[in-house]
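J.:
Number of protein chains: 4
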Amino acid sequence: MLVVMRHGATPDQVAGVARAIEDMGYRARPMPGAQRTAVGLVGNDGRVDESRLVGLEGVLRVIHVTQPYKQVSREWSPEDTVIELPNGVRVGGEDVVIMAGPCAVESREQILETAHRVAAAGATVLRGGAFKPRTSPYSFQGLGEEGLRLLAEAREATGLAVVTEAVEPDGVAMVAEHADIVQVGARNMQNYALLRAVGRAGKPVLLKRGLSATVKELLLAAEYIMIEGNPQIMLCERGVRSFDTHARNLLDLTAVVSIKELSHLPTVADPSHGTGARSKVGPMARAAVAAGADAIILEVHPDPAAAASDGQQSLTLDQFDALMLELDAISGVLGRGIARAPAVVHG
Amino acid sequence: MLVVMRHGATPDQVAGVARAIEDMGYRARPMPGAQRTAVGLVGNDGRVDESRLVGLEGVLRVIHVTQPYKQVSREWSPEDTVIELPNGVRVGGEDVVIMAGPCAVESREQILETAHRVAAAGATVLRGGAFKPRTSPYSFQGLGEEGLRLLAEAREATGLAVVTEAVEPDGVAMVAEHADIVQVGARNMQNYALLRAVGRAGKPVLLKRGLSATVKELLLAAEYIMIEGNPQIMLCERGVRSFDTHARNLLDLTAVVSIKELSHLPTVADPSHGTGARSKVGPMARAAVAAGADAIILEVHPDPAAAASDGQQSLTLDQFDALMLELDAISGVLGRGIARAPAVVHG
Amino acid sequence: MLVVMRHGATPDQVAGVARAIEDMGYRARPMPGAQRTAVGLVGNDGRVDESRLVGLEGVLRVIHVTQPYKQVSREWSPEDTVIELPNGVRVGGEDVVIMAGPCAVESREQILETAHRVAAAGATVLRGGAFKPRTSPYSFQGLGEEGLRLLAEAREATGLAVVTEAVEPDGVAMVAEHADIVQVGARNMQNYALLRAVGRAGKPVLLKRGLSATVKELLLAAEYIMIEGNPQIMLCERGVRSFDTHARNLLDLTAVVSIKELSHLPTVADPSHGTGARSKVGPMARAAVAAGADAIILEVHPDPAAAASDGQQSLTLDQFDALMLELDAISGVLGRGIARAPAVVHG
Amino acid sequence: MLVVMRHGATPDQVAGVARAIEDMGYRARPMPGAQRTAVGLVGNDGRVDESRLVGLEGVLRVIHVTQPYKQVSREWSPEDTVIELPNGVRVGGEDVVIMAGPCAVESREQILETAHRVAAAGATVLRGGAFKPRTSPYSFQGLGEEGLRLLAEAREATGLAVVTEAVEPDGVAMVAEHADIVQVGARNMQNYALLRAVGRAGKPVLLKRGLSATVKELLLAAEYIMIEGNPQIMLCERGVRSFDTHARNLLDLTAVVSIKELSHLPTVADPSHGTGARSKVGPMARAAVAAGADAIILEVHPDPAAAASDGQQSLTLDQFDALMLELDAISGVLGRGIARAPAVVHG
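Residue numbers (my numbering), protein chains in the order written: chain A, 1 to 347; chain B, 348 to 694; chain C, 695 to 1041; chain D, 1042 to 1388.
#1: Below 7 Å on C-beta distance, what does L558/B contact in chain A?
#2: Hey, could you find the ends of the beta strand (DSSP E) P1071/D is sitting in?
#3: Hey, Q1224/D and V1203/D: beta-carbon distance below 7 Å or not?
#4: Identify the contact partners of Y539/B in chain A, using a Cβ-Cβ distance below 9 Å as the criterion.
#5: According to DSSP, simplified to helix, strand and coil, what is E584/B?
#6: On the DSSP letters alone, give me the boundaries of the alpha helix (DSSP H) that A350/A sits inside.
#7: Are at least three pairs of beta-carbons, each pair with one atom in the region 1177–1185 of chain D and one in the region 1099–1118 of chain D, less than 8 Å apart?
#8: Using a Cβ-Cβ cut-off of less than 8 Å, list which residues of the region 956–975 of chain C approach chain B; keep chain order.
#9: Is the beta carbon of V1322/D less than 7 Å from the beta carbon of L1276/D?
#10: Specify the secondary structure class of I921/C as computed by DSSP and reduced to three states.
#11: Identify which residue in A688/B, Q659/B, H593/B has its Cα closest to the Cα of L1260/D.
#12: Express the C-alpha separation of V1103/D and A999/C in angstroms, rounding to a whole number.
#13: In whole angstroms, give me the CA-to-CA distance for T961/C and R1034/C.
#14: Return no unless some Cβ of chain C is closer than 7 Å to the Cβ of V389/B.
#15: Which residues of chain B have a Cβ atom closer than 7 Å to the Cβ of R935/C, listed in chain order?
#16: Is the closest heavy atom of the ligand FAD to the C-beta of T124/A under 6 Å?
#17: Given this structure, state the Cα-to-Cα distance separating T1255/D from R155/A, to the nearest angstrom.
#18: Check the DSSP bridge columns for E299/A and list the partner residues they point to.
#19: Would you verify that the beta carbon of H701/C is, or is not, closer than 7 Å to some beta carbon of chain B?
#20: Have a look at T1387/D and D1362/D and give me their C-alpha separation to the nearest angstrom.
#21: Note down, in chain order, every chain A residue with its Cβ under 7 Å from the Cβ of A941/C.
#22: Could you tell me the distance, in whole angstroms, from the CA atom of K203/A to the CA atom of V172/A?
#23: Using a Cβ-Cβ distance under 7 Å, would M284/A count as near chain C?
#24: When you compare the region 1063–1078 of chain D with the region 813–822 of chain C, are there three or more beta-carbon pairs, one atom per stretch, that lie closer than 8 Å?
#25: Could you confirm whether any beta carbon from chain A is found closer than 7 Å to the beta carbon of G853/C?
#26: Count the other CB atoms, across all protein chains shown, that sit within 10 Å of the CB of R1279/D; report buried if there are 16 or more and exposed otherwise.
#27: Spell out a yes or no on whether the region 1319–1335 of chain D and the region 1368–1385 of chain D are touching, meaning 3 or more CB-CB pairs, one atom from each, closer than 8 Å.
#28: Assuming I338/A is part of the beta strand (DSSP E), what are its boundary residues?
#29: Which residues of chain B have a Cβ atom closer than 8 Å to the Cβ of M725/C, listed in chain order?
#30: Just the Cα atoms here: how many angstroms apart are R278/A and Q312/A?
#31: Within 7 Å of any Cβ in chain D, is that where the Cβ of V409/B sits?
#32: Quick one, which residues of the region 998–1010 of chain C are near chain D if we go by CB-CB under 9 Å, in chain order?
#33: Can you list the residues of chain A that G402/B reaches, using a CB-CB cut of under 7 Å?
#34: To the nearest whole angstrom, what separates the beta carbons of M5/A and Q13/A, a pair I think is in contact under 8 Å?
#35: Does the distance from the CB of E840/C to the CB of A1002/C come in under 7 Å?
#36: CA-CA distance, R881/C and A362/B?
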C-alpha cells in the first residue's frame, strides 16, 4: 500500500502518516519524489483498512499494491480448484460443464421433460428456480419448497446434479437439503448474512456477479464464503449493467479471463441472463466456451412462449440440442470436451 | 403496454399476441402502421408480467406506457407523504431535516459527543451504524447490539431521533426496537426478504438507492415495503456507480427531482457516501438542499482521522457547524427552513 | 412513434399533440387507455424529429417504435453487405477476415517484418496507425504521411490490404490515397465532418464504436457516411467504458450479434483495444469468432516491450501464429474459414 | 510513477524495468515488499509514456502518482484563472456568470427577443447554436453562417457576449470572428484537430465534458488547447451517460468541485443538457450554483413547443426570470452575486 501525499505536504504530515502506519503494526517507508512524497506501507497482510490513512492531513490518496482478498486469490493457491459434484461431474477441470433448465420450476411435467431432454443432449447439471427474486412484487416468485421437491425428483429420474437459488439466510438449509449446488443470485452478491449462511452450509456454491459489481468485489464476496470454511465456489459472469439497451445486460466475457488470472476458482458464464434474448444466447454461449469458461448455464424451456418468467431468453429444447453440438466442437478446439457423468442418461 | 411486432409479422402472429393479451384478462387493440403493427394492451392495472408477451413469435419488443409500481406513485396518491418521527420532526413537510452522526458507533464517548454537538447545530436525527455491511470480510463490521444501546442512550440524552441500519431479516426486530428509523442500505436495496421484514416492522424506513439501481427499481423496492402495510418510507439518493473515479460515487441529485415527480414519498440525499471525500461533502450538501431534497444525511465525527470507517468523508464537528448555517440560508431561498424539534436542545 | 400523455392530460392537450403531428405531415391516432391516453404517429419515415413533440403540454414522453436510421438497417436491405477489397478479400462474406499489425507504424523494418509474418500466418489486411489520436498531448502521435508510405510499401511487398486511421476531415484524402480501408476511430465516431469526408472518399470505411456509444448511435454514425453515397462500411466493436477496471475496456461481444440483427453491414471485433492486455487478447479473439464477427482486428508487434504505444496489448509474432490456428478451427465450427487472398503469400 | 511487479517476478525482471526507466531518462528506485516488489520512477515531469513499461516481463501494472496533465493543473498555477470577456464580464471571479439562450438560432425574431429578455433578467452571455452536431443526419443541423450573423446582431443590440459552437477545424476561424467564446461540444471533446484549432484561435473557449469522459480526460483535452498558447478555457459539466433513463443524462455536479480542486480553470454547469427536461432544469441550476460553479449555461426559448431542437429542456422566458431570482439569492449565500456587465441593459 502506498500513501501519496499532496504536493507541499509538510514533514510533520509525512511523519504523521508514518506514525499511523506503525500504530497499525506495519512498517512505513517514506519515499520523497520530485513533485511529491509517498509513504510505502510494508508488511500488508491483506487486512489493512485504508480508511484510517485516507483521512490524515496531507494525504492525497491511497494506492493498493496488494489486493484485499486472500484465500480466493491465485497467489494463495496457484492450482485450479476443481469441484466434484455428487454425480461425478467435475467443475473447473479439463472439461466444460453444461448446466441447463428453465428459469423457474413451474410444474412436474415441465421440469421432468426439460431434465430428460437436456440430459440427453449432454448437460450434467439441472438448473431451475424455486425461489425467484423479482424486481416487481407483482411478478411470479416461484413455487418455493414444492419446486425444490420437483427438482430433487428430476435428479432421481435423470442423474443430473441440481443447482437452485437461496434468497435468504433462513432458507439456505432447506435449499441445501435438496440441491447439489446452492446459487447466490446477482442481487444478493453483497448480502453478507446470506454469504455466511451458504459458507456454512457445506454445499458447493454458484456465486453470481452483482449487476454492477467489480471483479474485485466478486472475489471479496467469495472470500466471505470461503472464510466460513467452504472453498467450493464457482464464480459466474451473468452480464453487468450498461448505458446501452441493445441487450438486457452487457455480458462481460473478459471477466471470465480476468477471474481465471486472479483466482483459482472455477468460472461460469450465463449467456441467458447476460443477453436476455433467445437469438443472442447461442452466439454468446459459443463465445463463452471459446473464452475459456469452465461451465455454461443456460435457460431452456419446453415452451418458452408460455414460461412464467424469462421466456424471451429461454432456448427451445431443439435449439439447445443444436447448440450443444457447437459447444462440443468449440471446446474441442481448446483441448477440452463437454463433461459427461456416468449416472446421467446422455443421448 | 404496447407490443411492437417485427416488420413483416404475419396476421397470425398478430392474432397470437392479441389472444395472449386476452388470456391474461386484458383487452387487445391492434394498430397497423406504415412500417409495422403494434398491439396495445388496454386495462393494465400495473400487474402485467411482460415476459409472457416478449417471447411470442413475431414480437420485436414490449413498451411500457404505465409504470409497474403502484402505491408509491404520485398518481396513486397525489399529496406528499409526510412522516412524523417520535420527537415531533416531520420528514417530507415544509422544512428540511438534517440527519447527522458518525459512519459507525465506536464508543459511548464518541456517539454522545457527536450527538450533543449535531443537536446543538440544528440536526434532529442521529445517524450511526451498529451493523456495518463491508465489502471486505476483514473490515470493521460494527459494535452490533451494543451499538444500538449506545444510540438509544444518545437519543435519551439529546432528544434526537435515531436512524440505523438493519442488515438481515432476523435482525430487523432488534433494530426496530432501538431505532426510530430503520435503514436499508444500498447493497440490500433488492434484498426482498429484508424489505418485507422492514415492511412489517412498523417503523419508518430509510431506503437507500442501490449502487446501480434505476429510479424505477428504487420505487419498486419501496413498493415491496409498502405492500406489507408500511407507507412510511424515505427514498435516499447516495451516489451511483460510475466510470470515473474523481469521486467515490456519482451523486445523482437529479434523481431527487425525478423521485419527487414520480412519487409522493420524501427524498433524502447523502452527500457523504455520494462523494466519499470531506472536501466535497459541503458543496454537495448545499446542492442537495438547493435541488429540493427533504432531508440530508451527513457523516460527522469528532476525530475523523481516527474513525473506524469512512473517516475520509466525515466532517469535523466544526465543519458541520459552519455547513448548517449555509444549509439554513439555502433552504430559506426555497421558502423552507431547517426542521427543529421541541425535544432537542438546539444551539 | 407513440406520444404518451400524462395522467390527467386534458382533451385540449391531446388535441394539441394531434395537431402538431399533422402539422409535421403525418397522421395522428389518439388511443384513450384505462390510465392515460397515447397518440400514435402514423406514417413515420424515419425522419421525425421528436423534440417538437416532447415539449408539448401534457406530454409525458415519446416512444419510438421505428428506429431513426434507415439505409444501414436490415429492413432497408435484408441481404448482408459484402465489401470486396482490392486484394480480393471479401469482408462480410462466408469467411472471417483477419486484420493484424502494430498499433502504430514505427519504422520500415518494424512494419515490413510484421506484414510478412502476419501474411504468412493467414492475415489478409495490415493495420497500423500513421496518425494516432492520443488522450495526452505528450504521447507519441504517429509518423504521419511517412507512416502512410511505409504501409503502402508493406502492401506492395506482401499483397495485404491496408487499413489505417484518418483523424481530421482535411486528412482524409491523403489517407484514402494510400489505404484500402479508412478507419474512423472511437473518439471520432460522432465527428460528423469527418464522417461526411470519409463518406465522400469512396474507400471502404472501418467505423469504430465510440467509447460509450450505443449500438443505435453507431448505426446513426454509419448513416452519416452512407447518405454521402458510400455503403462500404464495417462496424467495429472495440470495447466500451465501464465501472470496472479489471480490463481496459469492456468488450461488448453481444453488440456483434445485435448489429448483425439490426443492420446488413459487416461486423468487426477488436479484442486488443477491447481488453488492453496481451493475456486476454487470445481468449477474446476466439470468443469474437465464436460469436459471429466477420472480421477480427489484432495488434501484433515484433517486440511489444519496445512498442511506442499500446505495447501491453500487442501479441508477439509467435503468439499470433498460434492464435491463428485456433481462430481457423473455431471458424470451421461455424461453417466458415479464415479468408485467404490470392495475392498474399500465406504461410 | 510506480511499476508494480508480479508476485514471483525474478531479479532480472526487476532489473529490466529499472533499466527501461533509466533509458527513458529518469531514475529507478526498486522497493522490495513483503509480497511483491515495486519500482518507483523518480523525476517524472508529466510526460512519461507508461506503455513502454506496462509491457515488460514481470510487470503487473503501472500506477500513476503524478497526473499526466500539467499546465491546466492547480499545482502549475495555484491561483484561479479569471477570463474577462469583451463586455467586461469576468468568468471565474467572484460572481456567477449566467449564459442563456436558445439551443439553436432559428430566426432573427427568436434570437433578438430571447437576447433582450435574458439580458433584462441578468444574463451577461448569450448562447445559441449556429452549427448543430446531431446524432441523426436527418435532424436540423443549424442555420450556419447566417446564425452567426444573427448572434452578432443580438450582441450589438444587447451588450451580451456571445458563445457558440465550432464543429470542425476549418470552421473555427469563422466562428471565432463572430463569437466571444468558442464552444467545443461534448462529442468533440477528443477531436484533437479541433482542440488545436481553437487553441490557436485566440478566443476564450468553453470546453464541454464528453459524454463519458473522465475529469482527467477533460483536463487533458484542455491541455491540448493550452499548449497551443490559449489559457482562456472554461470547463463545462453537462451530464454524463448513465445506466438510468430517469433523466436524459446524469449531471455530475461533484465534477464541478473536483475540477476546482485539480485545476485553476473556471467551471461551468449546463443543467439543460444535464437533465434534458424543463421541470428539472431549475432545481439543478440552483444546485449548480450551490455547489460552486462559476457559470451556468441555460437553454431558454420564447416558445419551447415550437423549438427546432431540444424544446423539452428549454425554459420559457418567464421561467427564466423566476429562476434568476433564486440563483441570485443562492449565490449570495456563498458570498457571491450574479455577474453584471456595464454594457448590458439588465432589468
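No residue lacks a Cβ here, since even glycine has one placed at the ideal position from N, Cα and C.
T.: In brief:
#1: S212
#2: 1068–1073
#3: no
#4: P133, R134, P137, Q141, V167, E168, R187
#5: strand
#6: Only positions 1 to 347 of chain A appear in this structure, which leaves residue 350/A out of reach.
#7: no
#8: none
#9: no
#10: coil
#11: H593/B
#12: 14 Å
#13: 18 Å
#14: yes
#15: F590
#16: With respect to the ligand FAD, the structure shown offers nothing to examine, as it has no ligands at all.
#17: 51 Å
#18: G101/A
#19: yes
#20: What sits at residue 1387/D in the sequence shown is His, not Thr. Rounded to the nearest angstrom, the two C-alpha atoms are 12 Å apart.
#21: T254, S258
#22: 10 Å
#23: yes
#24: no
#25: no
#26: buried
#27: yes
#28: No beta strand (DSSP E) contains I338/A, which DSSP labels as neither H nor E.
#29: R376, M378, G387
#30: 6 Å
#31: no
#32: P998, A999, A1000, A1001, A1002, S1003, D1004, G1005, Q1006, Q1007, S1008
#33: P304, A305, A307, G311, Q312
#34: 7 Å
#35: no
#36: 46 Å
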